[in-house]
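Going left to right, the sequence shown walks through residues 1045 to 1251 as my numbering numbers them.
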Amino acid sequence: MLAGLWRTLLPRACPGCGAQLGAEVGLCRACRAGLHARVESHSPLRPHPEPHLLTLGRYRGVGRRAVRALKFGGARDLAGVLGQALAAGVPPDWDVGAVVPVPLHPSRQRQRGYNQAELLAREVARHLQIPCVDALSRTRATRQQARQHAAGRYEMAGAFAVKTGRLPSGPLLLVDDVMTSGSTLQACQDVLHAAGAAEIYIAVIAR
């Protein structure tokens, strides 16, 4: 909340490079030009290790700074430019029918004020002109994956559930901000498969 207030009162700097922003929203023109979504050749997720993962790159540089500003700095306007970049990279042959955001636990969402994955998912869906479906809930709070060593990731099994109602037909695009170990996305994918989703693709800002 306070971060968002300061962003409106103070001169705006690009979260990616620190340059002064003019009429641009989210990122400066130079940082925007460096956003290129690509399908990763390898993914740790089962049962489809490849090519089901779309990213804007590794968790470093502009991508890392943009994620942190969106996630922790109240820079919600970044969801627009990052979501648009992700949507532009979705292969047409994926034939995605709906976008599904990875949910936050209600306590964490109340603390942050929003779910950054939901903001991204809504922008991706808007640009693809398909529905964004709030199909998942987080049933228990878990430790943040990015703060833990890969060998000691918190077990995510059972942390998510599919909400009541039918899932949209056709392939789904599961959206989150960052993939670390992949355990969060794997847990979401598993419950969606169990609920009847046949094909699930993944889109994240950074890996």
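Backbone N, C-alpha and C define an ideal beta-carbon position, used for all residues, glycine too.
Query	Result
Sequence-distant residues of the same chain with beta carbon closer than 7 Å to R1056, five excluded per side	L1065
Short Cβ contact (8 Å threshold) for A1165 with V1125	no
In DSSP terms, what T1099 is bridged to	R1082 and V1248
A1179 - DSSP class collapsed to helix/strand/coil	coil
Residue burial classification, A1242 (beta-carbon count within 10 angstroms, cutoff 16)	exposed
Pair within 8 Å by beta-carbon distance, A1205 and T1183	yes
Candidates V1177, I1249 and I1244: closest to L1089 by CA position	I1244
Reference I1246; option with closest CA among V1146, H1171 and R1152	V1146
Helix, strand or coil at D1234 [DSSP, three-state]	helix
C-alpha distance - S1213 paired with A1063, whole-angstrom precision	44 Å
One or two residues paired with L1216 in a DSSP bridge	A1142 and I1244
Residues sharing a beta bridge with Q1064, DSSP	A1057
Cβ separation of V1140 and L1236, assumed to be a contact under 8 Å, to the nearest whole Å	Not a contact, Cβ separation roughly 13 Å.
Cβ-Cβ separation, A1081 to L1130 (assumed contact under 8 Å), whole Å	5 Å
Outcome for V1069 when other beta-carbon atoms lying within 10 angstroms are tallied against a minimum of 16	exposed
Strand pairing of F1204, partner residues [DSSP]	R1182
Extent of the continuous alpha helix (DSSP H) run through G1124	L1122 to A1132
Start-to-end residues for the alpha helix (DSSP H) that takes in S1151	P1150 to R1156
Other residues of its chain near V1248: CB distance less than 7 Å, five sequence neighbours each side excluded	T1099, D1220, D1221, V1222 and M1223
Test item: CB-CB of G1127 and E1167 under 8 Å	yes
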